[in-house]
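Here our numbering is used: the first residue of the sequence shown is 1, the next is one more, and so on. For every residue, glycine included, the Cβ atom is placed at its ideal position computed from N, Cα and C. Before any comments, here is the structure.
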Amino acid sequence: MSVSDLPKNDNEKKVEEQEEQDVELPVLEHKTGESIIREKIDEEGSDSLRIINRPWRVKGPAVFCVLLFTIGSNWASASLSPLKSTLKKELHINNARYGVIASANSLVNTVMPVIGGVAIDWFGPEMGSLLSSVAVLLGTLISGIGASKASFGTLVAGNVIMGLGSSTIETCQSKLYTHWFYGNHLGLVYGVDIAFGRVINTVAKATSVPIAEGTHWWGWSIWISAIMSACTLLINIIYVALERRLPAPARLVPTNDKTSRKFSLAALVSIPAAFWIITLTQLLQAGNVGAYGSITADIMTQTRGSTALVAGYTSSISQIIPIFVTPCVGALFDRFGRRMYYVSGTAALWVLVYSLMGFTDVHPLVPTILQSVALSFNAIPFIAAIPLLAPSQTYLGTAFGVWKAFNNAGSVIMDVSAGAIQDRTPTGRHTYDNVLYFLIALKGVDFFYGLVYDALDRRYFGGVLRMSEREREAREDEDANSGENLKGVALRRPVRMWTFVGLGIMGAMIVVAWVLYLFYAKGT
Numbered sequence: 001m002s003v004s005d006l007p008k009n010d011n012e013k014k015v016e017e018q019e020e021q022d023v024e025l026p027v028l029e030h031k032t033g034e035s036i037i038r039e040k041i042d043e044e045g046s047d048s049l050r051i052i053n054r055p056w057r058v059k060g061p062a063v064f065c066v067l068l069f070t071i072g073s074n075w076a077s078a079s080l081s082p083l084k085s086t087l088k089k090e091l092h093i094n095n096a097r098y099g100v101i102a103s104a105n106s107l108v109n110t111v112m113p114v115i116g117g118v119a120i121d122w123f124g125p126e127m128g129s130l131l132s133s134v135a136v137l138l139g140t141l142i143s144g145i146g147a148s149k150a151s152f153g154t155l156v157a158g159n160v161i162m163g164l165g166s167s168t169i170e171t172c173q174s175k176l177y178t179h180w181f182y183g184n185h186l187g188l189v190y191g192v193d194i195a196f197g198r199v200i201n202t203v204a205k206a207t208s209v210p211i212a213e214g215t216h217w218w219g220w221s222i223w224i225s226a227i228m229s230a231c232t233l234l235i236n237i238i239y240v241a242l243e244r245r246l247p248a249p250a251r252l253v254p255t256n257d258k259t260s261r262k263f264s265l266a267a268l269v270s271i272p273a274a275f276w277i278i279t280l281t282q283l284l285q286a287g288n289v290g291a292y293g294s295i296t297a298d299i300m301t302q303t304r305g306s307t308a309l310v311a312g313y314t315s316s317i318s319q320i321i322p323i324f325v326t327p328c329v330g331a332l333f334d335r336f337g338r339r340m341y342y343v344s345g346t347a348a349l350w351v352l353v354y355s356l357m358g359f360t361d362v363h364p365l366v367p368t369i370l371q372s373v374a375l376s377f378n379a380i381p382f383i384a385a386i387p388l389l390a391p392s393q394t395y396l397g398t399a400f401g402v403w404k405a406f407n408n409a410g411s412v413i414m415d416v417s418a419g420a421i422q423d424r425t426p427t428g429r430h431t432y433d434n435v436l437y438f439l440i441a442l443k444g445v446d447f448f449y450g451l452v453y454d455a456l457d458r459r460y461f462g463g464v465l466r467m468s469e470r471e472r473e474a475r476e477d478e479d480a481n482s483g484e485n486l487k488g489v490a491l492r493r494p495v496r497m498w499t500f501v502g503l504g505i506m507g508a509m510i511v512v513a514w515v516l517y518l519f520y521a522k523g524t
């Protein structure tokens, strides 16, 4: 006779019945306005992402506020690059040390997004966005003081403190967008968010030099960032006040309100392997584009003889086309899918941009316009893919945080490396040649990545990156009705090897970023 055949007492029967009840995942239904909200709760008490239709009178004002969360941090970052020549002169620094300033806010965000992402999943994005806005305001104030004193160290310190909030607040935005729009034009909303960021970047870049020349002091361009950051904090407070007045079903409930689990970094091991694969292969790609953007104006002055004012205006044009095109790209993803095809096409376009700007005599407007098209397609395939590859509110903020940590570490490495390569290249017209060779080589590899991602998606990711919103909704309904998992999703769940490799490489990149940064920050 086995142990299972022994008679059970009443207490054991009650426990067994309770366990059987726990297997059945409850479905909660709430009525909010015209919509019915259905959320499936998993074994740990946290909700997986589900297609939810909320009325526009509820999500419209909320999402409008969320869209404005990054005005201050975007303005502060974008206004620096047109001032590169001025900063080098006023602060008596070289190209590598300018790279230290340009990447200062990214340095702290090699670590902070991971911690912040876990905290956002636990405490909620509303509280996270408030604290992030405070950090951005404090950082821009310190940067303004550094400009007033012409202090390299203070300017760097301000950008580092700003970095404590700038990337985390973007993670808050991403999680809130997914909460409000998953399955309902999510790609379009991400496109609008990126486009709005381009608007801020365009205005900041275009006005940075005129403000400096009009006021006869370059520091005013930095103090404007502090004013914008104060406005952002006010908008954030308004959003939290509005959110607190919404019905409970319309709010994003933090993990600590749904379960008794302790706050920890354990969410990292819950992230699916598919997410790690794409993140690991994109190590330096975001930094590649960022490094080029930070030197575009100076390339024009060096290779075309443009003045700082003309170069600043011309480089700002690259931000205009994405304002209109990026939302359309997001809508294309929602309508037709096929997200990874755009990765290869965009990489090829970047190679053309770098080549035309650095190695031909064409008017700089030509590569600048092509650059703006490439920017329209650059980030959104990945941002729109993360909720599909990591579809759980339990660790979605953590996944976005890991993505940003990789990107920021890559940005620090690329910014500082580009400056160091330039300092070791002869001055004059060809001073950026070696930098551009480096950027071209990286984008050449990225062309093949897009093809690999699509092949992996078809075989191991369940095809979610190829599906439109309608196709995915139909597949999710079919899966829910049949009670079966999708076929071919071996890498859409955690795989220990990929988790360990991902965490290991992330740690290595963070160490390299800090070493490079501190090495050049000391003027070595």
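Is the beta carbon of GLN282 less than 9 Å from the beta carbon of TYR432? no
The alpha helix (DSSP H) that contains PRO125, what's its start and end? 125–148
Proximal residues to SER294 (C-beta, below 6 Å), its chain only, five neighbours per side dropped: SER81 and ALA102
Which of helix, strand or coil does DSSP assign to LEU491? coil
What three-state label does DSSP hand TYR182 in the structure shown? coil
Let me confirm a value: LEU518 is counted as buried when at least 16 other C-beta atoms fall within 10 Å, else exposed. Which label applies? exposed
Meets three-Cβ-pair contact criterion under 8 Å: the stretch 116–126 and the stretch 396–413: yes
Which residues in the same chain have their Cβ closer than 6 Å to the Cβ of TYR453, if we skip the five residues on either side of it in sequence? MET340
Should ARG429 go down as buried or exposed, given a rule of 16 or more other Cβ atoms within 10 Å for buried? exposed
PRO426 in three-state terms, based on DSSP: coil
What does a CB cutoff of less than 7 Å around THR178 pick up in its chain, not counting 5 residues either side in sequence? LEU49, LEU186, PRO387 and LEU396
Compare the C-alpha of TYR239 against each of VAL501, GLY358 and GLY128 and name the closest. GLY128
Could you tell me if SER315 is buried or exposed, where buried requires 16 or more neighbouring beta carbons within 10 angstroms of its beta carbon? buried
Counted within 10 angstroms of its Cβ, other Cβ atoms place VAL63 as buried (16 or more) or exposed: buried
Same chain only: Cβ atoms within 6 Å of TRP276, ignoring 5 sequence neighbours per side: TRP498 and GLY502
What first and last residue would you give for the alpha helix (DSSP H) that runs through THR314? 308–316
Residue environment, TYR354, which counts as buried when at least 16 other CB atoms sit within 10 Å: buried
Taking 9 Å as the threshold (beta carbon to beta carbon), is ILE320 in contact with chain D? The structure shown has no chain D; it contains just one protein chain.
With three or more beta-carbon pairs closer than 8 Å as the criterion, would you say the stretch 375–392 touches the stretch 458–478? yes
Please state if the CB of ASN201 and the CB of SER376 are separated by a distance shorter than 9 Å. no
By the DSSP assignment, the alpha helix (DSSP H) with VAL526 in it spans what residues? Residue 526 lies beyond the residue range present for the chain, which begins at 1 and ends at 524; the question has no answer from this structure.
Applying the 10 Å Cβ sphere with the 16-neighbour rule, what's the burial state of ARG245? exposed
Using a threshold of 9 Å, state whether the C-beta atoms of MET300 and TRP75 are closer than that. no
What does the alpha-carbon distance come out to for the pair GLY419 and LEU268? 34 Å
Within the stretch 51–101, note down every full alpha helix (DSSP H) run reaching 4 residues or more, in order along the chain. 56–67, 71–78 and 84–91
Give the secondary structure of MET509 by DSSP, where H, G and I count as helix, E and B as strand, and everything else as coil. helix
Local conformation of ARG251 per DSSP, three classes: coil
Taking the Cβ atom as the reference point for each residue, do THR346 and ASN378 lie within a distance shorter than 9 Å? yes
Is the separation between the beta-carbon of LEU451 and that of SER318 shorter than 9 Å? no
Do the stretch 143–153 and the stretch 196–211 touch if we need at least three Cβ pairs shorter than 8 Å? no
Pairwise C-alpha distance: THR171 and ARG458: 28 Å
Taking 8 Å as the threshold, find out whether the stretch 191–200 comes into contact with the stretch 410–418 through three or more Cβ pairs. no
Regarding SER129 and the ligand MG, is the C-beta to nearest heavy atom distance less than 8 Å? Absence of the ligand MG is noted for the structure shown, with no ligands found whatsoever.
Environment of ARG198 [buried if 16+ CB atoms lie within 10 Å]: buried
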